[in-house]
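Undergrad:
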Amino acid sequence: MRWKNALIIGASGGIGAALCAALKASDARITELSRSGDGLDITDEASVERTLCALDQTYDLLIVATGALEIEGAEPEKSLKQISGKAMMDQFALNAVGPALILRHAARLLDRKSAAHIGVLSARVGSIGDNRLGGWYSYRAAKAAVNQIVHTSAIELARTHKSLACVAMHPGTVQTPFTEKYVARHATVPAPEAAENLLGVLGNLDSSHTGQFFDWSGERVPW
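FYI, in this note's numbering the residues of the sequence shown are 18 to 240.
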């Protein structure tokens, strides 16, 4: 699918920047928003309101490409003994509440009359059904929460946006500063390849797929 007007949240990150580059190559018009570029702090409700309320156009593509595995030096927990309330709340603020605050504006920002897509970056480790290794309590829980937020948003938005596909997406393990400490033996892909994969998956979805969770190859991920 060729999108005409895209809104990318988290455009300065590794995946976000690659998404912007790929969309520009397809001649899409892009609104790029990020904390470093525009002062958009998705953990600050006032910042989200101020930034998104200033937008006066509609989009046929919205991607929330924000997130972090490690916040303020707090690494993913390997055991219950390492759980910190502060670290857990930080994870929820950035990886779950932030996307929810963005989606709060989705009904106004998205075209109601034609096909449109929302992709919110999640992670396979947020899958409860696919959790075989344990650990990473805060990050897993925050990503499970954002999956629920996306699924619930899709139900509501479907009432007014009949041709919308709103989905959670696992991009794979991407070669960015976000993952460099944790890739270990995992296969990784460069950010431009990950972006092309994500856009390829989104472009093949329609309203019948809304509310689901997909990986970079287009496979359904269990909740």
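Just so it is clear, CB atoms sit at the ideal spot from N, CA and C, and this is done for glycine as well.
Give me the Cβ distance between residue 227 and residue 175, rounded to the nearest whole Å; I'm assuming they're in contact under 8 Å.
TA: 6 Å
Undergrad: Is residue 138 closer than 9 Å to residue 80 when the C-beta atoms are compared?
TA: Yes.
Undergrad: For the beta strand (DSSP E) that residue 22 lies in, which residues bound it at each end?
TA: 22 to 26
Undergrad: Find the nearest neighbour of residue 47 within the set 77, 18, 66 and 67, judged by alpha-carbon distance.
TA: Of the listed residues, the one whose Cα sits closest to residue 47 is 77.
Undergrad: Give me whichever residues DSSP pairs with residue 49 in a beta bridge.
TA: 25
Undergrad: Classify residue 229 as helix, strand or coil using the three-state DSSP reduction.
TA: In the three-state DSSP reduction, residue 229 falls in the coil class, being neither helix nor strand.
Undergrad: Could you check if residue 157 is buried or exposed, using at least 16 other CB atoms within 10 Å of its CB as the buried criterion?
TA: buried
Undergrad: Measure the Cβ-Cβ separation of residue 132 and residue 223 and say whether it is below 9 Å.
TA: Inclusion of residue 132 and residue 223 in the CB contact set at 9 Å is warranted, their separation being smaller than that value.
Undergrad: What would DSSP say about residue 134, mapped onto helix, strand or coil?
TA: strand
Undergrad: Going by Cα to Cα distance, which pick from 164, 75, 31 and 231 is closest to residue 218?
TA: 231
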